[in-house]
Each structure stands twice: as structure tokens, then as C-alpha cells.
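In this note's numbering, the protein residues as written are 14 to 328.
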């Protein structure tokens, strides 16, 4: 068996190296599953870089159980700094970013490499994901429609890629674009997709490669933060779409999309905070709303009037 193991190791070393960068902040209860999902890959030549963004839980103890995972700790600077740290510390020709509470499916690396090899012109490829609950059990997953070849146009309308772990990048892509941008904060992945797809082809395939855990601590549930970061990412493209009618229309549709999704949620949160007299939270939400969705309250009021008055008349 030792001889077989050595042969496997030699063969693996001749293959391209894939860097799986796991970023985490106080996600120790999920982190073991994330690491094990990498260790269970059918493709053998990979490295694991765990970037701990100043966690106060037992993250380091969890990583210590896995000798092949490299542990790198930094002071709490946010997910953007953690991903960029992982990118600089890793060596792979190909890169995947995995959040500490999510999981890869066993063939994720092999499938990503297969499609990048089939599409050498593409800077990255992306697949599909499945939703899972906090306990890891499967949840119903909405299937995003096929995009076609005009990925930049589609991304202007919304971030249909959703989660980072669906994407496998060529490292060479980062030679032509700046790494994750702190200005876009928790939508820095969306910002990166926009910047890359504007310059290079990308490719989507139909294979489920990752599991996206849904729980109360998900950043995507923080509507004020997501409204600000998503619109910051999208608005950075304004100068590039100007003068192209299709791009301008898609850009405007994207603004409306995020205002409706996150702005609507934020309005509900503000009203709930007022009812419970959480004045500081209400004021913070109102400031975000004023900057990124100034007509939000009026639009929300009009919709409620429509639902209460117009719709009943039609019944």
C-alpha cells in the first residue's frame, strides 16, 4: 500500500495545483465540514489555506485537526482582506474561494478543471449550488435561468452566480484585474465577476459543485449592508456602460433589482425597529436608505396602498 500511495502522490504532483481558500470568522461549528469537503475531492492535487479573520471561537483548534490545511490568522479586517490574504499566500494555478460555513461537492475541483481546460479563453467557470440548512440537511433550491454567452450583460442585471464557491478562477485572471475590492465589501465577489466578465469570457456549466448553507448569520440576510455593497459594486460599472443602450438598460434594471430586494427588506427592518423603539438601528437603516434608495419609503407606501385598495376592487 505504501508503494501505491507514493505513486498517487507522484501523479498528483504532476497535475495542476488548485488552491482552495477558506475564509472564516467565528464559524468553527461549520468549519470542519468545509475542510472535509475539500479533503473528499476526487481531484487530488490541491492545497487548503484557511484564513481566520480574527475569530474569537475555537477556529484554530478545528483547523489543527487537519494537518494538510494551512492556518493563517489575521486581525479582524473583513472578508475582503481575508480573501486577498489567501490569494497572496496560495500558489495554485487555479483558485476557489470557499466560505467557512459552506461545502464543496466531491467532484467540484475535477469539474472546474474540466471546463477550464475545455474553454481556455475563459478567466473563470462557474457551476450551480444547492441550498442546505444550518444542520446540513438539503433545502429546496431555486434554479437560475440559463444566461447564454453575454455574461457581463446578465451580471449587470443581478449577481446570478450567488456564492463564491461555485467559481473556479485561473490565477492568471488576477494579473489583469485588481484583487477583491474593499469598497464593495460583502459584494466584492460580485464586483470581481463584473470586472472580469467585462474584460474576458467566462463560462457557466450545469453541474452542482457547492452547497450554500442558509442560517441566521448569513451576510446576505443583512439588508442594509447588502443594499450598500451591491449598489457600490454595480455603480462602479457606470462609466463602462455609458453610451451602450443595452448595457445602460441592464445597469438600470440591476439598480432597481437591488433596491427592490434589499431596500424593501430594509424598510421592513426600519419600521420594525421603530415599533420596538430601537432608535439607533432605525436611524442607521434610514441613513443607508436615504443614500441608496431615497424613494424607497414612498415606493413602499404606494405598494401598500395598491395592495389594500386596488387589488380588493379587482376581486
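C-beta atoms are modelled at their ideal positions from N, C-alpha and C, and glycine is treated no differently. These numbers were taken from a predicted model, which means no experiment stands behind them.
Item, Value
"For residue 266 and residue 169, what's the separation of their Cα atoms in angstroms?", "8 Å"
"Along the chain, where does the beta strand (DSSP E) containing residue 190 start, and where does it finish?", "Residue 190 -> no beta strand (DSSP E), and no H or E assigned at all."
"DSSP three-state label for residue 212, please.", "helix"
"Distance check for residue 276 and residue 204, CA to CA, integer angstroms please.", "19 Å"
"Where do the N-terminal and C-terminal ends of the alpha helix (DSSP H) with residue 140 fall, by residue?", "That residue, residue 140, is in no alpha helix (DSSP H); its beta strand (DSSP E) goes 137 to 145."
"Evaluate contact between the stretch 233 to 246 and the stretch 124 to 142, counting only Cβ atoms and requiring at least three cross-stretch pairs below 8 Å.", "no"
"Rank 217, 87, 80 by C-alpha distance to the C-alpha of residue 45 and give the top, closest one.", "80"
"Based on Cα-Cα distance, which residue from 273, 94, 272 lies nearest to residue 199?", "94"
"Kindly give me the distance between the Cβ atoms of residue 144 and residue 153, rounded to whole angstroms, as I take these residues to be in contact under 8 Å.", "7 Å"
"Could you check which residue in 222, 220, 227, 181 has the C-alpha nearest to that of residue 149?", "227"
"Output the boundary residues of the beta strand (DSSP E) element that contains residue 163.", "Note, residue 163: premise wrong, no beta strand (DSSP E); not H, not E."
"Determine, using beta carbons only, whether residue 136 and residue 215 come nearer to each other than 7 Å.", "yes"
"Between the C-alpha atoms of residue 38 and residue 280, what's the straight-line distance to the nearest angstrom?", "28 Å"
"Enumerate in chain order the residues of its own chain whose CB-to-CB distance from residue 41 is below 6 Å, with the five nearest sequence positions on each side excluded.", "70, 71, 72, 75"
"Rounded to whole angstroms, how far is the Cβ of residue 124 from the Cβ of residue 222, which I believe are closer than 8 Å?", "6 Å"
"Using the beta-carbon count (16 or more within 10 Å), is residue 189 buried or exposed?", "exposed"
"Between which two residues does the alpha helix (DSSP H) containing residue 176 stretch?", "No alpha helix (DSSP H) holds residue 176; DSSP gives it neither H nor E."
"Nearest to residue 229 by alpha carbon, out of 183, 292, 146, 121?", "146"
"I'd like the ranges of any alpha helix (DSSP H) spanning at least 4 consecutive residues and lying wholly in the stretch 24 to 54.", "41 to 52"
"Anyone know if the C-beta pair for residue 62 and residue 103 falls short of 7 Å?", "yes"
"With the cut-off set at 7 Å, would you say residue 64 and residue 99 are in Cβ contact?", "yes"
"Strictly by DSSP, which residues pair up with residue 223?", "117, 142"
"Going by beta carbon distance, what residues of the same chain come within less than 6 Å of residue 270, once the five residues before and after it are set aside?", "171"
"Can you list, in chain order, the stretches of the alpha helix (DSSP H) that have 4 or more residues and sit fully within the stretch 255 to 286?", "258 to 271"
"Please name the residue in 255, 68, 212, 83 whose C-alpha comes closest to that of residue 51.", "83"
"What three-state label does DSSP hand residue 288 in the structure shown?", "helix"
"Under 7 Å, do residue 178 and residue 115 count as touching if we go by C-beta distance?", "yes"
"Going by alpha carbons, who is nearest to residue 254 out of 288, 208, 97?", "208"
"In three-state DSSP terms, what is residue 237?", "helix"
"Between which two residues does the beta strand (DSSP E) holding residue 82 run?", "82 to 87"
"Could you give the distance in angstroms between the alpha-carbon of residue 285 and the alpha-carbon of residue 293?", "12 Å"
"Buried or exposed for residue 108, going by 16 or more other Cβ atoms inside 10 Å?", "buried"
"Is the separation between the beta-carbon of residue 105 and that of residue 32 shorter than 7 Å?", "yes"
"For residue 57 and residue 77, what's the separation of their Cα atoms in angstroms?", "21 Å"
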